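First comes the structure, then the notes that go with it.
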Amino acid sequence: MALKIYNTLTRQTENFTPLNPDRVTMYVCGPNLYGPIHVGHAFSYIVFDTVKRYLRFRGYQVKHVQNFTDIEDRIIEKAQKENTTIHALSEIYIVRFLRELDALNIERADVYPRATSVIPTIIKITQGLIDKGYAYEVDGDVYFRVRRDEDYGKLSHRRIDDLESGARIAVDERKEDPLDFALWKASKPGEPAWASPWGKGRPGWHIECSAMNLETHGEQIDIHGGGHDVIFPHHENEIAQSESYTGKPFVKYWMHNALLRLTGDTSAEDKMSRHVGNTLWVKDALARHAPDAMRMYLLSTHYRTPLAWNDDDVDATARGLERWRAALKDAIAPTDESKTSPLNLVANETRDKFIVAMDDDFGTPQAIAALHELTREINRARGDGAPPAMLAPAQATLRELANLLGLTLQERATNALAAAPFIELLITVRKDLRAAKQFALADKIRADLAQLGIILEDSAQGTMWKSER
RNA sequence: GGCGCCGUGGCCAAGUGGUUAAGGCAAGGGUCUGCAAAACCCUGACCGGCGGUCCAAAUCCGCCCGGCGCCUCCA
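Quick note on this note's numbering: the first sequence kicks off at -3 and runs consecutively.
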């Protein structure tokens, strides 16, 4: 049994064999820091966070790098408009970005290089490409010579001629070919600039990722991830730059998640995009939904299948999640006694199903289904009167595997409510009323608390309470 | 014009050649409970349409209908 990954490069699902048998190098496209991120970005980061967690579960040591693109047309434009610097602007969005990732329980990458911190490497690569005949300078700009690269187009499976026939590319007469793209751009007055062999300038749009990979991982890496929309031209150009420079295959497995669309008021159902303005900010999504619910919702569809975000469906997922939490209620650590539990068998079967599902190109929908089944078995056993020690191993398995999907399954910290002692008091009073068969009054207390968003649930073990939201 | 994706029960969503088409939500019935809630049990689809290949297709091929992505910054 082996892990298989769909590779955009070959358009096939391949057995995963990293360059180094124990270690995996992974690079995931990070944000352009001209604004906050939307749930489409979050989806991508959640997907690759899940990939990383699973690789580690499979015994690999993972080095995860994610870039911060802090020099680019839009950032310059926005900084100028807001009368600030690209550095200050980036800093604001980096802080917000990390805070939102933390909220979604997305593990941080090991390294977050910034484009502006790898300028010397960018210059080195650019010069190297010129020396090898893959690039040329015109008036302080440096362009990559697409026609010189034999296999240009191999990732997006396009031919240069096809691209030119249909594309509306702004023709720049100084370029040898319309598809040649900038490695280095001469700076205009007032723009951030660095000294280079070609004069004052700044990096092009794709070169920073080649440079950051070279600096943090080396010439070859195992996994490069990003959204489907970034296959062309961004990743195509990255391959062209990196491979032409090093002469070696750049990335072993190219992974791309499908794009998220946004349903709702508009009749059109377009992909989410900051450029189009059709966005749901992560901040706003978090205001309505629990992070676990968002993650489980997004992982309930395979990462290569397009998904239309729907708030009601996230709510439905959240209700399903309640059963998982119920299953973990009052869980204790497994003991010697629990080894004889029949639930052990179920837990092991679930683990096998989970692994089979995840091994097949990260089949999170089936993995989640397996955990739903385990949840049902735990709840049923509890209903049948199984003691905590018997439930423990299955509960431990549920928690462990759910954690691999980044689900915390934590109850909201309702006990921290300032009203907690008073609620407890009312519950005690109500208990006495019930003992005295004063049901009308007892029900009134429950109903009135419900009005205030406090839900009471009676059970043989006593009365539990929780806060709605 | 080029490359590519999707259309499965009320909703979301797996399955991609062969036992009873996963799972979740919703709905209806039931168990438990003083009642309620929670939990559990039971109930539902022949897979967009037409044609073809095959002993056998939701699963392969063709056409059609409907929806979407990339080719331009974009996760």
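We put the CB at the ideal spot given by N, CA and C, even for glycine. Source: prediction; values computed, not measured.
The C-beta separation of leucine 255 from lysine 244 comes to about 31 angstroms, leaving the pair out of contact by the 8 angstroms criterion. By the neighbour-count criterion, in which 16 or more other beta carbons inside 10 Å mark a residue as buried, leucine 401 falls on the buried side.
Separation of the CB atoms of asparagine 28 and threonine 65 is rounded to 5 angstroms, and the pair is thereby assigned contact status at 8 angstroms. When DSSP states are grouped into helix, strand and coil, isoleucine 72 belongs to the helix group. When C-alpha distances from histidine 252 are compared across Thr301, Asp147, Ile235, the shortest belongs to Thr301. Taken through DSSP and simplified to helix, strand or coil, tryptophan 190 comes out as strand. The three-state reading of DSSP puts phenylalanine 358 in coil, since its state is none of H, G, I, E or B. An exposed status is given to lysine 128, since fewer than 16 other beta-carbon atoms sit within 10 Å of its beta-carbon. For leucine 94, the number of other beta carbons within 10 angstroms of its own is below 16, and it is reported as exposed.
Going by C-alpha positions, proline 361 is about 21 angstroms away from arginine 7. In the DSSP assignment, arginine 257 falls within the beta strand (DSSP E) that extends over 256 to 258. The C-alpha of tyrosine 41 is placed about 9 angstroms away from the C-alpha of glycine 221.
No Cβ-Cβ contact shorter than 9 angstroms links alanine 438 with threonine 393. In the structure shown, the three-state DSSP call for isoleucine 217 is strand. When the alpha-carbon of valine 35 is set against those of Arg144, Trp277, Ala390, the nearest one is in Trp277.
By the Cβ test, the segment 145 to 159 is in contact with the segment 222 to 229, since at least three Cβ pairs between them sit closer than 8 angstroms. Bounds of any alpha helix (DSSP H) do not take in leucine 452; it lies within the beta strand (DSSP E) bounded by 450 to 455. Of the candidates Glu239, Asn16, Glu172, the residue whose Cα lies closest to the Cα of tyrosine 56 is Asn16.
Inclusion of arginine 49 and glutamate 103 in the CB contact set at 9 angstroms is warranted, their separation being smaller than that value. DSSP places glycine 458 in the uninterrupted beta strand (DSSP E) bounded by 458 to 463. Under the 8 angstroms Cβ criterion, the segment 369 to 385 counts as touching the segment 334 to 349, having at least three qualifying pairs. Per DSSP, asparagine 11 is not a residue of any alpha helix (DSSP H); the beta strand (DSSP E) it occupies stretches across 8 to 11. The bridge partners DSSP lists for histidine 252 are Gly222. Shown here for arginine 426: same chain residues with a beta carbon closer than 6 angstroms to its own, the five before and five after excluded, namely Ala438, Ile441 in chain order.
Contact annotation, leucine 397 with threonine 46: C-beta distance approximately 12 angstroms; criterion of less than 8 angstroms not satisfied. Residue state for valine 114 is assigned as coil, using DSSP reduced to three classes. Given a length threshold of 3 residues, each whole run of the beta strand (DSSP E) inside the segment 85 to 147 is given here in chain order: 131 to 134, 137 to 140.
Excluding the 5 residues flanking it on each side, isoleucine 67 has same chain C-beta neighbours closer than 7 angstroms at Ile82, Ala111, Thr112, Pro188, Arg198, Pro199, in chain order. With a threshold of 16 other beta carbon atoms within 10 Å, aspartate 145 meets it and is buried.
In this structure, the straight-line span from the alpha carbon of proline 185 to that of aspartate 137 is close to 15 angstroms. Lysine 248 counts as buried, since at least 16 other C-beta atoms from the protein chains shown sit within 10 angstroms of its C-beta. Residue pairing of proline 199 in beta bridges, as defined by DSSP: Trp180. Assigned with DSSP and collapsed to three states, asparagine 306 falls in coil, not helix or strand. Of Asp332, Arg70, Ala286, the smallest CA-CA separation from glycine 316 is found for Ala286. In its chain, beyond the 5 residues on either side, no residue has a beta carbon closer than 7 angstroms to the beta carbon of alanine 436. Contact check for proline 109 and lysine 279: beta-carbon distance about 25 angstroms, past the 8 angstroms limit, so the pair fails to qualify.
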